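Letter by letter, the sequence shown follows residues -33 to -1, 1 to 356 of mature numbering (1 follows the signal peptide of the UniProt record, and there is no 0). For glycine and all other residues, C-beta sits at the position ideal for the given N, C-alpha and C. Computed from a predicted structure; not experimentally measured.
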Amino acid sequence: MNPAKRSRRFRAWLALGLTALLAALLALQQRGAEPPPESFAGLGEQAEGYTQARPGASLRFPEDHGTHPDYRIEWWYLTANLVDGNGTPLGIQWTLFRQALAPPGDNDPERADSPWTSRQLWMAHAALSTPDDHFVAERFARGMTLPDRRGQAGVITEPFAAWLDHWRLESRVTDPAGDALDRLLVRAQGRDDGHDFGYRLALSAEGPLVLHGEAGFSQKSADGQGSFYYSQPFYRVEGQVEIDGETREVSGRAWLDREWSSQLLGPTQRGWDWFSLHLAGGAKLMAFRLRGGGEEGGDYVSGSWIDPDGRQTPLADDDLRLTPVTHSSVAGRQVPTRWRLRLPSQELDVTVSARHVDRWMDTAFPYWEGDVVVKGSHSGVGYLEMTGY
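The structure is reproduced here in structure tokens:
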């Protein structure tokens, strides 16, 4: 087949696949009761037929590094604060999302042997930030059951690997007694607004996994809505980033989040503001504000203080104060890009500021995601994610 014909066939298949994906996303949003208009990405939609996240369950490893198809949504979410050889700050994001199209019992028995019986959608985001630019790419795939080969996207636990096309997060651990996430290799390449970008990074954990909330159950509303949530926040990073053919050696810190749920938000929660901070001295702070869903209609605030040795202290609304200080106009929205965070129990009173306000992720479900600087009683760096604006 000549190259031109092969290219046309590829574009035709790509258009067909994207059309099917968009139809599936619309069907997901329209399934059952219509989700409340304020619910970000439909995450407040009722989830009948799926397993619900509840307190009291025990997380298990390495099993929980893998997929949970009985739950509607989950993700493998990596952010890194890096510097190059000239001391220039850079940030990267690598995320793989799994979304079920239907509860596990809804599969068509007449198509049980078909590779299309999978009801899983996969979406991946890759981003690279410099002081002046923010590059973003997005990919989609549908899960498929293929004999003797891996599908276009998926996650396996032994050896651990998560991927969509050539975007990969995979374990480099060879000791069977070690945790698969202790050493990882992550890579992605994309193109945004005429610019090529990519990265290849080696991650080595210098501390343990951290279970958030109550032994890994992270409550998200006063009504008890929640998710299973753990992190590996102790990565040291070495590797390369590439922008338009120029390669830079980089180093820094990274944070991996693992979360799964069937109804992450309450029906009135519009979105969230989420922080992951690496503080000087080795402590870490994870904090989030869910807009709505708190007592008497207020916001719901929670988080974790993580000592340098990995000991976690759950934080509740009366422990933690998250206050927007400065709003910026981003993508036609007013987004809080400078915050004051207070945690009296740790004598923490800091300002968290975006390095650059224009970190908008113009993806299928748009949101703000970018690297931040911490100043005040403590110093540090980290990442901020804001949805629903």
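Bridge partner(s) assigned by DSSP for residue i
i: R65; result: E41, W89
i: D240; result: R256, M353
i: Y267; result: L257
i: V292; result: DSSP, once it has assigned bridges, lists no residue as partnering V292.
i: E216; result: Q207
i: Q301; result: S296
i: S228; result: I40
i: G58; result: N48, S96
i: P281; result: S271
i: D316; result: R309
i: H245; result: K251, V348
i: L223; result: L45, Q199
i: A321; result: V339
Contact check, residue i vs residue j, beta carbons under 8 Å
i: G270; j: M253; result: yes
i: F184; j: A14; result: no
i: V140; j: G33; result: no
i: Y202; j: A221; result: yes
i: G248; j: P275; result: yes
i: G161; j: A104; result: no
i: L148; j: F127; result: yes
i: D199; j: Y166; result: At residue 199 the sequence reads Gln, which differs from the Asp that was named. Cβ atoms of Q199 and Y166: not closer than 8 Å.
i: G260; j: T235; result: yes
i: D338; j: A298; result: no
i: L289; j: R256; result: yes
i: H345; j: V317; result: yes
i: V340; j: R326; result: no
i: D37; j: T18; result: yes
i: L178; j: D146; result: no
i: P22; j: E125; result: no
i: L310; j: D285; result: no
i: A120; j: L131; result: yes
i: L68; j: F195; result: no
i: F102; j: D159; result: yes
i: G72; j: G110; result: no
i: W134; j: A91; result: yes
i: G343; j: L246; result: no
i: residue 368; j: D51; result: This structure leaves residue 368 out entirely; the chain is present only between -33 and 356.
Buried versus exposed call for residue i [16 or more other C-beta atoms within 10 Å across all chains shown]
i: E352; result: buried
i: D224; result: buried
i: G58; result: buried
i: R278; result: exposed
i: S228; result: buried
i: N53; result: exposed
i: S243; result: buried
i: A144; result: exposed
i: K251; result: buried
i: A8; result: At A8, the pLDDT of 49 sits below 50, so the modelled position is not reliable and the matter cannot be decided from this model.
i: E41; result: buried
i: S138; result: buried
i: R258; result: buried
i: D240; result: buried
i: P76; result: Here P76 scores only 48 on pLDDT, less than 50, and its place in the model is too uncertain to base an answer on.
i: A129; result: buried
i: A47; result: buried
i: T55; result: exposed
i: F64; result: buried
i: G191; result: exposed
i: T354; result: buried
i: G193; result: buried
i: R117; result: exposed
i: G349; result: buried
Beta-carbon separation (whole angstroms), residue i vs residue j, contact threshold 8 Å
i: W43; j: T62; result: 7 Å
i: F164; j: L95; result: 5 Å
i: V204; j: S218; result: 6 Å
i: Y356; j: V302; result: 5 Å
i: Q295; j: T304; result: It should be pointed out that residue 295 corresponds to Ser in this sequence rather than to Gln. That pair is a contact at about 4 Å.
i: Q87; j: E336; result: Contact flag wrong, Cβ pair sits at about 24 Å.
i: A93; j: A155; result: 4 Å
Interface flag, residue i vs chain C, CB-CB below 8 Å
i: R139; result: In summary, chain C is missing from the structure at hand, where a single protein chain is found.
request  = Starting from the N-terminal side, write out each stretch of the beta strand (DSSP E) that is 3 residues or longer and does not extend beyond the stretch 323 to 353.
outcome  = 334 to 343
Uninterrupted beta strand (DSSP E) stretches inside the stretch 158 to 201 (no shorter than 3 residues) = 162 to 172, 184 to 186
Ranges of the beta strand (DSSP E) found wholly within the stretch 96 to 155, counting only runs of at least 3 = 101 to 109, 120 to 124, 127 to 131, 134 to 138
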